[in-house]
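Every letter in the sequence shown is one number past the one before it in the working numbering, and letter 65, counting from 1, is 91.
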Amino acid sequence: MELRISKAAAACFLEEWEYRRGDKVRVYVRYISGGSEPYGFGIMLDDPVDPAAEADADGLHFYMESKDVWFIEHGTLTIDRDEGGIAFKIG
């Protein structure tokens with residue numbers, strides 16, 4: 027499993043979300059609906075407890091806790107920016 031953050035996404039967090047260099051950004055799995063894709067990702071500022079996947083981008087430290095990486099298991103989660111804002115892509 028791997029976590030990747032694009033330069034565009036990092037810029038979005040710094041400029042639009044007003045995060046600051048040195049912030050620790052937790053990426054977590056959350057239940058969003060009972061439909062065909064019931065789970066999605068959430069983002070929050072928090073200190074790591076048991077990080078299993080980590081990535082740094084433009085002074086921000088992103089991580090996923092070990093209890094959340096099951097959702098990307100053997101894949102790569104890329105956090106990018108598109109026309110709608112922050113986008114999560116599993117590959």
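In this text, a Cβ means the ideal position worked out from N, Cα and C, and glycines have one as well.
Proximity to residue i [Cα-Cα], best of the options
i     : options                    : result
GLU42 : HIS87, ILE116, ILE112      : ILE112
GLY66 : CYS38, VAL95, PRO77, MET27 : VAL95
N-terminal and C-terminal residue of the beta strand (DSSP E) that residue i is part of
i      : result
LYS115 : 111–116
VAL75  : From DSSP, VAL75 is part of no beta strand (DSSP E); its letter is neither H nor E.
ASP106 : 102–108
ILE31  : 28–31
ARG52  : 50–57
Residue i, DSSP secondary structure in three states
i     : result
GLU91 : strand
GLU41 : helix
Proximal residues to residue i (C-beta, below 7 Å), its chain only, five neighbours per side dropped
i      : result
LYS115 : THR104, ASP106
ASP72  : LYS50, ARG52
GLY60  : none
GLY48  : GLY85
Residues near residue i by beta carbon distance below 6 Å, same chain, minus five either side
i     : result
ASP76 : GLU91, SER92
ALA83 : ILE31, ALA36
GLU63 : none
Neighbourhood of residue i by C-beta distance below 8 Å, restricted to the same chain and skipping five residues each side
i     : result
CYS38 : ARG107, GLY111, ILE112
Identity of the residues DSSP links to residue i by a beta bridge
i     : result
ALA79 : MET90
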